[in-house]
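Visitor:
Protein chains in written order, with my numbering: chain C, 33 to 373; chain R, 490 to 761.
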């Protein structure tokens with residue numbers, strides 16, 4: 033029953049269009065030109081009316097960013113519609129089809145949702161001076177990644193050491209390790225979409241069936257990490273920041289991070305933003321999200337990975353250069369082998 | 490006389506505290522069709538009072554019928570119909586969810602006692618609890634009308650708005666947990682469970698990352714509450730009172746979480 037429900041959920045993700053959306057995102061990198069992130073002091077003031085659709089952010093932290101932008105730009109009338117990311121993406125597409133566009137900017141925690149909008153041809157091109165601030169491999173013509181998160185394998189350090197963790201996500205299915213996962217979680221579903229792209233539907237289906245036979249299901253990925261830490265399972269499937277946050281509150285936690293290599297298990301996913309209406313205001317608003325200050329804030333407070341050049345990643349995370357995400361999303365400058373924290 | 494006054498005073502204090510908590514949440518929303526009257530409570534206090542009196546009378550008739558004619562001659566389903574019929578239903582539902590749950594609990598208490606063929610004394614006992622809940626509900630609405638008149642009570646919205654800060658989110662979670670009790674009292678355990686699941690996934694998940702940095706053990710407790718303790722309690726066999734105890738324990742933890750996050754927010758660096 034659990035597996036059928038999960039496969040049904042997977043079908044729903046497919047129906048959402050994540051598969052073609054992922055291809056749309058992957059097909060969009062532009063020629064690389066590198067510039068460092070700029071300071072907010074270098075940006076023009078924002079004025080006028082702007083409607084932002086915000087797909088569930090990191091608690092109140094995205095809200096703090098928006099409040100700071102509003103405070104700094106008193107002549108900006110920022111209207112925010114908040115909601116579940118996938119639902120907002122569908123709303124934007126539906127509104128466009130109905131000829132009643134309301135959103136000027138869409139900021140989503142998951143690039144799959146951004147891809148849905150971009151794939152529908154609704155995203156406006158971004159100026160090169162804006163995209164040049166982004167790390168090589170993360171420069172796209174019609175959307176901007178804001179911050180990233182890495183798929184990881186948190187493992188219980190009382191039961192395992194890093195060498196015992198497979199460096200292939202597909203090999204995990206054949207290992208004797210017990211696994212914790214949160215299949216209802218949006219990031220997990222993006223991970224499965226990536227696996228389908230990389231390995232094919234059959235291999236992905238086989239993997240899911242094999243893992244589900246001995247996986248313990250949690251409602252969310254922080255729950256996965258906590259389950260790993262308690263020793264309920266050997267390893268988990270979760271975004272990186274959950275482990276960092278747990279260790280921030282519990283420094284002696286019995287959990288550490290391992291990474292696979294060149295597959296969906298090491299996917300770098302990104303929250304992203306798209307401009308939906310004409311004019312400078314939407315793109316200038318996006319520039320604020322890519323400033324050194326906003327990027328540093330999200331790195332230090334939300335443990336997300338800044339995707340602009342020149343900003344330090346969150347404390348406790350290995351450098352991006354030491355991680356090997358899958359090739360079709362891999363920045364060209366990434367090298368080196370898997371490493372644990 | 491003094492004892493009665495003390496009980497009333499304590500009850501009023503409890504109601505006032507409840508409303509202050511509700512006001513702190515910053516939003517009120519309702520299910521289904523809600524009349525405009527819920528945003529003009531004072532103008533409808535008279536009709537609400539009449540409705541409560543009517544309900545007390547109608548429920549009395551049901552019990553009297555049971556006493557005189559027996560179980561087979563008594564239609565207990567009308568009890569739910571009577572409650573669904575009055576405007577007072579939505580007035581109390583939108584203004585004081587805990588009391589709303591008590592009323593449903595009272596209705597089913599009488600209904601099930603009759604259906605079980607309980608002695609009339611037992612049924613009368615349940616009837617007294619129901620009547621008390623109804624009058625308490627009216628008191629709650631009267632108090633709410635005063636807050637509303639002073640502009641201290643948010644207008645009822647027919648669509649839910651999103652909390653924007655972590656403390657607001659925690660207050661919203663607490664309110665949703667009250668709705669869990671209300672749905673369970675309505676004999677809708679699946680609906681109650683769905684609220685728990687949605688609240689966890691769309692509310693608590695968004696704040697627990699920041700909260701775990703402050704108190705990992707508290708997050709673990711709440712994780713267990715959301716995913717084990719409360720769902721298990723909503724099995725349809727647990728009493729409403731026991732479900733309420735679980736919820737109240739969770740709400741106390743959420744209050745602690747809110748305090749922790751408020752303190753953390755003071756220390757958080759500015760964006761710019």
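Each residue gets a CB set at the ideal place from its N, CA and C atoms; glycine is no exception.
Since the model is a prediction, treat every value here as computed from it, not as a measurement.
1) Could you pull the start and end residues of the alpha helix (DSSP H) that residue 301/C belongs to?
2) Kindly indicate which residue of 150/C, 183/C, 189/C, 191/C has the alpha-carbon position closest to the one of residue 172/C.
3) In terms of residues, what are the limits of the beta strand (DSSP E) holding residue 564/R?
4) Does DSSP put residue 348/C in a helix, a strand or coil?
5) May I have the straight-line CA-CA distance separating residue 657/R from residue 609/R, to the nearest angstrom?
6) For residue 274/C, which three-state DSSP category applies?
7) Identify the continuous beta strand (DSSP E) that holds residue 81/C and give its terminal residues.
8) Between 259/C, 249/C, 246/C, which has its C-alpha nearest residue 709/R's C-alpha?
9) Contact criterion: CB-CB distance below 8 Å. Does residue 636/R meet it with respect to chain C?
10) Restricting to Cα atoms, I'd like to know which of 140/C, 247/C, 214/C, 185/C is closest to residue 117/C.
11) Going by beta-carbon coordinates alone, are residue 694/R and residue 252/C separated by less than 8 Å?
12) Could you tell me which of 240/C, 247/C, 241/C, 254/C sits nearest to residue 701/R, measuring between CA atoms?
13) What residues in its chain sit with their C-beta under 7 Å from that of residue 272/C, if we drop five residues either side in the sequence?
14) Which of the residues in the segment 234 to 259 of chain C, read from start to end, lie with their CB under 8 Å from any CB of chain R?
15) Which partner residues does residue 288/C have in the DSSP bridge list?
16) With 8 Å as the C-beta to C-beta threshold (strictly closer), list the residues of the segment 277 to 289 of chain C near chain R in chain order.
17) With respect to the beta strand (DSSP E) encompassing residue 249/C, which residues constitute its N-terminal and C-terminal limits?
18) What does residue 79/C reach in chain R if we use C-beta pairs closer than 9 Å?
19) Hey, would you say residue 125/C sits closer than 8 Å to residue 212/C, going by beta carbons?
20) For a contact meaning CB atoms closer than 7 Å, what does residue 264/C contact in chain R?
21) Report the neighbours of residue 122/C on chain R: residues whose CB is nearer than 8 Å to its CB, in chain order.
22) Tell whether a beta-carbon distance below 8 Å holds between residue 142/C and residue 82/C.
23) Which residue's Cα is closest to the Cα of residue 715/R: 731/R, 761/R, 729/R, 683/R?
24) Just to confirm my understanding: we take residue 79/C, look at its own chain, exclude 5 residues before and 5 after, and list those with CB closer than 8 Å. What are they?
25) What is the DSSP secondary structure of residue 316/C, reduced to helix, strand or coil?
26) Between residue 503/R and the rest of its own chain, which residues show a CB-CB distance below 7 Å, the 5 nearest in sequence each way excluded?
27) Drop a sphere of 10 angstroms on the beta-carbon of residue 751/R, count the other beta-carbons inside from all chains shown, and report buried for 16 or more, exposed for fewer.
28) Within the continuous beta strand (DSSP E) that includes residue 109/C, where are the two ends?
29) Using a Cβ-Cβ cutoff of less than 7 Å, which residues in the same chain neighbour residue 451/R once the five nearest sequence positions on both sides are dropped?
30) Sort 122/C, 209/C, 222/C by Cα distance to residue 247/C and report the nearest one.
Guide: To lay it out plainly:
1) Where residue 301/C is concerned, there is no enclosing alpha helix (DSSP H), although the beta strand (DSSP E) around it starts and stops at 300 to 307.
2) Nearest of 150/C, 183/C, 189/C, 191/C to residue 172/C, Cα basis: 150/C.
3) Looking at the DSSP string, residue 564/R is not in any beta strand (DSSP E), and its letter there is neither H nor E.
4) Per DSSP, reduced to three states, the secondary structure at residue 348/C is coil, with no helix or strand assignment.
5) Whole-angstrom Cα-Cα distance: 47 Å.
6) Under the three-state reduction of DSSP output, residue 274/C falls in the helix class.
7) Where residue 81/C is concerned, the enclosing beta strand (DSSP E) stretches over 80 to 87.
8) Check the Cα spacing between residue 709/R and each of 259/C, 249/C, 246/C: the tightest is with 259/C.
9) Residue 636/R does not count as touching chain C.
10) Closest by C-alpha distance to residue 117/C, out of 140/C, 247/C, 214/C, 185/C, is 140/C.
11) Yes. Within cutoff.
12) Of the residues 240/C, 247/C, 241/C, 254/C, the one whose Cα lies closest to the Cα of residue 701/R is 254/C.
13) Contacts found: 181, 182, 184, 289, 349.
14) Of all residues in the segment 234 to 259 of chain C, 250, 251, 252, 254, 255, 258 have a Cβ within less than 8 Å of some Cβ in chain R.
15) 187/C, per the DSSP bridge assignment.
16) Look at the segment 277 to 289 of chain C: the residues with a C-beta under 8 Å from a C-beta of chain R are 277, 278, 280, 281, 282, 285.
17) Going by DSSP, residue 249/C is part of the beta strand (DSSP E) stretching over 247 to 249.
18) Ordered by position in chain R, no residue passes the 9 Å Cβ test against residue 79/C, which lies about 17 Å from the chain.
19) No; because the gap between Cβ atoms is not below 8 Å, this pair is not in contact.
20) Within chain R, no residue comes near residue 264/C; the closest Cβ sits about 12 Å away, beyond 7 Å.
21) Under the 8 Å cutoff, chain R gives no residues; its nearest Cβ is about 16 Å from residue 122/C.
22) No.
23) The residue with the shortest Cα to Cα distance from residue 715/R is 683/R.
24) Result list for residue 79/C: 105, 107, 108, 313, in chain order.
25) Here residue 316/C sits in helix by DSSP.
26) Bear in mind that a pLDDT of 40 at residue 503/R, under 50, signals an unreliable position, so the model cannot answer this.
27) Exposed is the call here.
28) Counting along the chain, the unbroken beta strand (DSSP E) around residue 109/C starts and ends at 108 to 115.
29) In the structure as shown, chain R begins at 490 and stops at 761. Residue 451/R is therefore absent and cannot be evaluated.
30) Per the Cα distances, 209/C.
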